[in-house]
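Protein chains in written order, with this note's numbering: chain A, 14 to 120; chain B, 189 to 304. Here the structure comes first, spelled out in structure tokens, and everything after it is commentary.
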Amino acid sequence: RKEVEQDPGPFNVPEGATVAFNCTYSNSASQSFFWYRQDCRKEPKLLMSVYSSGNEDGRFTAQLNRASQYISLLIRDSKLSDSATYLCVVNDDKVIFGPGTSLSVIP
Amino acid sequence: NAGVTQTPKFRVLKTGQSMTLLCAQDMNHEYMYWYRQDPGMGLRLIHYSVGEGTTAKGEVPDGYNVSRLKKQNFLLGLESAAPSQTSVYFCASSYGGRGTVADTQYFGPGTRLTVL
């Protein structure tokens with residue numbers, strides 16, 4: 014089993030839709046979790062950290078389920094500008110990036 | 189603040205040539221990282237540094253060397269380039285260590301390297 018797994022997609026959704034991504038991790042001792050966004054041919058940028066209690070930033074909601082070892086990202090009211098690859102990051106004694114999930118928001 | 193900068197942005201090498209990629213950060217971060225990103229492979233850690241004068245191997249260190257002589261700079265060297273090293277290279281830095289709440293990574297814009 015890979016250390017961090019994501020559905021590669023692509024997810025093609027219409028503007029205004031709600032879309033959710035999951036990311037599973039194998040090390041139960043993992044301590045911190047993040048979602049990064051990467052636009053085509055650009056560097057990854059932090060989207061949000063993921064806290065045990067869950068956290069929300071505008072249209073984005075991140076949740077952590079330690080028992081099942083996954084984190085999720087929910088995007089509501091999708092915008093064209095949300096089109097990007099979303100990378101899940103898990104930190105324990107090393108930093109591990111997931112392969113990313115591609116999202117295309119269609120007019 | 190410029191954040192994390194990388195030079196060069198693009199480079200084409202012939203097999204066997206050598207080169208050094210420079211990463212600089214002005215955020216006074218202790219930790220610095222070098223990654224490579226290939227299609228379908230995601231980001232893979234090459235080497236990292238937990239402070240000035242220190243380096244450590246990551247997931248794919250073979251064929252690369254690094255140095256951290258100054259806190260703000262992290263150099264990645266290819267002594268004898270191979271076509272398998274064609275990739276996009278990203279540098280990143282973070283304030284805290286891995287597994288801490290202060291370990292958000294800030295990335296440079298990347299270097300696109302082609303080895304013929």
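Even for Gly, the Cβ is constructed at its ideal location relative to N, Cα and C.
Counted as a single uninterrupted DSSP element, the beta strand (DSSP E) harbouring G265/B occupies residues N261 to L266. In the DSSP assignment, N253/B falls within the unbroken beta strand (DSSP E) covering N253 to S255. Linking M215/B to Y49/A through their CA atoms gives a straight-line distance of about 20 angstroms. Across the structure, K92/A and V276/B are spaced so that their CA atoms are roughly 28 angstroms apart. In the structure shown, D250/B adopts coil according to DSSP, grouped into three states.
For the stretch 81 to 113 of chain A, the residues whose beta carbon sits under 7 angstroms from a beta carbon of chain B are, in order, N104, D105, D106, K107, V108, F110, G111, P112 and G113. In this structure, C101/A sits away from Q44/A, with a CB-CB distance that is not shorter than 8 angstroms. The beta-bridge partner set that DSSP reports for Y294/B consists of S281/B.
Put simply, of S115/A, I119/A and G111/A the residue whose alpha carbon is nearest the alpha carbon of S39/A is G111/A.
By the 16-neighbour rule on beta-carbons within 10 angstroms, S66/A is exposed. Contact with chain A is found for G298/B, since one of that chain's Cβ atoms lies less than 8 angstroms from the residue's Cβ.
Within chain A, the residues placing a beta-carbon under 8 angstroms from that of F295/B are E56, P57 and K58, ordered along the chain.
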